[in-house]
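Colleague: If you scroll down you'll find the structure; I have some questions about it.
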Amino acid sequence: MKLSIGQAWDETKAVFRADGGAISAVALALTVLPGTILETVAPSSQRAAETAWYVSLLGLAAALLSLAGQLAISRIALGPSTTVGAAIGHGFRRVPALFGALFLLFLPIALVGAALIYPQLGGIQNDPSKMPSSALLTTLLVIVVFFFLLVRMLFITPLAADRDLNSIQLLKEAWGLSKGRFWKLFVMVLLLALVALIILGALGGALSAVVILALGAIEPGNTSALLVALIQQLMAAFVSVLFVVVVCRLYRQAESGGTWASVPHAGGE
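Following full-length UniProt numbering, the residues of the sequence shown are numbered contiguously, the last one being 269.
Written as structure tokens, this is what we have:
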């Protein structure tokens, strides 16, 4: 069946009308709050290459909580109706399988990319403009492969929320669901990336600049850091939630022929 982005968008609006409060609660608890704490304690704009252990720990915790949040939001977006607590609990239960799948998928790319690129970077630490063209081409190739896999695995999060599959099964099923649909999914990702660029880059940057002008430069733990972090995290959460729900509705089309009421695996229970 051909995927319909228009249908997915209509269904996304219906999901927000029905469960917008629950989705917002999950996003605030598992994405905005952890991200704001991390960015207030250690603003990314001032984070050194080698960070303190507690900053790395906070970053890992924020990433895992965000992953649980995406699974919980997917559970709500896929239906049937559930409570916020049940959705969050389901999200945490499915984190190991999804994390394992993402680890198996992207770690080899990172290792191969580093092995290919790093030997070509000798002596450019003090002058990045001297990066050889071969290193640039290799980097571009790694990015293309990464993005290709990202699109082909686009359904992995709703699949993890919808069905009780292990990491290997998630990779196989997600790959199969996106077969023959790459370009449609590619266009959708580009459209949402454009929305993210406008919201996070333009609007988020402007509001952050106003805060800095009014309260002073960002320093770890100060009011400017807190407010800028809150603005950035709220906008990032909005984009992330929109993306997750649209992908969930496209997944339902791919998985069950696009029937809104048909939710054969929802909740994995």
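Positions of the beta carbon are idealized from the N, C-alpha and C atoms, including for glycine.
#1: In chain order, which beta strand (DSSP E) runs of at least 3 residues are fully inside the stretch 143 to 194?
#2: So within the stretch 8 to 92, which uninterrupted alpha helix (DSSP H) runs reach at least 4 residues, ignoring any that extend past its ends?
#3: Is it true that the CB of Pro96 sits closer than 8 angstroms to the CB of Ser66?
#4: What did DSSP end up calling Ala266 once you bin it into helix, strand or coil?
#5: Take every Cβ of the stretch 76 to 86, pair it with every Cβ of the stretch 101 to 109, and state whether three or more of those distances are shorter than 8 angstroms.
#6: Quick one, are the C-beta atoms of Val241 and Ala27 less than 8 angstroms apart?
#7: Does the distance from the CB of Leu71 to the CB of Ala160 come in under 8 angstroms?
#8: Measuring straight from C-alpha to C-alpha, what distance separates Leu141 and Arg94?
#9: Rounded to whole angstroms, what is the Cα-Cα separation between Val84 and Pro119?
#10: Would you identify the three-state DSSP class for Pro220, choosing helix, strand or coil?
#11: Tell whether a beta-carbon distance below 8 angstroms holds between Ala211 and Val228.
#12: Taking the alpha helix (DSSP H) that Leu213 falls in, what are its first and last residues?
#13: So for Ser256, helix, strand or coil by DSSP?
#14: If you check the beta carbons only, do Val41 and Pro220 fall under 8 angstroms apart?
Modeller: So, from the data block:
#1: Fully enclosed beta strand (DSSP E) runs of 3 or longer: not present.
#2: The alpha helix (DSSP H) runs of length 4 or more contained entirely in the stretch 8 to 92 are, from start to end of the chain, 33 to 41, 53 to 78.
#3: The count along the sequence shown starts at 1 and reaches residue 66 at position 66. The count along the sequence shown starts at 1 and reaches residue 96 at position 96. At least 8 angstroms separates the beta-carbon of Ser66 from that of Pro96.
#4: As a position in the sequence shown, residue 266 is number 266, starting the count at 1. Per-residue confidence for Ala266 stands at a pLDDT of 40, beneath the threshold of 50, marking its modelled position as unreliable; the derived number appears in the next sentence. Helix.
#5: Using a Cβ-Cβ distance cut-off of 8 angstroms, the stretch 76 to 86 and the stretch 101 to 109 are not in contact, since fewer than three pairs of beta carbons, one from each stretch, lie closer than that value.
#6: Within the sequence shown, residue 241 is the residue found at index 241, counting from 1. Within the sequence shown, residue 27 is the residue found at index 27, counting from 1. Contact: yes.
#7: Translated into the one-based positions of the sequence shown, residue 71 becomes position 71. Translated into the one-based positions of the sequence shown, residue 160 becomes position 160. Yes, Cβ-Cβ distance for Leu71 and Ala160 is below 8 angstroms.
#8: The residue given as residue 141 occupies position 141 in the sequence shown. The residue given as residue 94 occupies position 94 in the sequence shown. Rounded to whole angstroms, the gap between the alpha carbons of Leu141 and Arg94 is 32 angstroms.
#9: In the sequence shown, residue 84 corresponds to position 84, counting from 1. In the sequence shown, residue 119 corresponds to position 119, counting from 1. Taking the straight line from one Cα to the other gives about 49 angstroms.
#10: Counting from 1 along the sequence shown, the entry for residue 220 is found at position 220. For Pro220, the three-state secondary structure derived from DSSP is coil.
#11: Sequence index remark: in the sequence shown, residue 211 carries index 211 (1-based). Sequence index remark: in the sequence shown, residue 228 carries index 228 (1-based). Residue identity check: residue 211 is Val in the sequence provided, not Ala. Against a cut-off of 8 angstroms, the Cβ pair of Val228 and Val211 comes out as a contact.
#12: By 1-based counting over the sequence shown, the position of residue 213 is 213. It spans 204 to 215 - the alpha helix (DSSP H) in which Leu213 sits, taken as one unbroken run.
#13: Taking the sequence shown and counting its residues from 1, the one referred to as residue 256 is at position 256. Residue state, collapsed to three classes: helix.
#14: The sequence position of residue 41 within the sequence shown is 41, counting from 1. The sequence position of residue 220 within the sequence shown is 220, counting from 1. Yes. Within cutoff.
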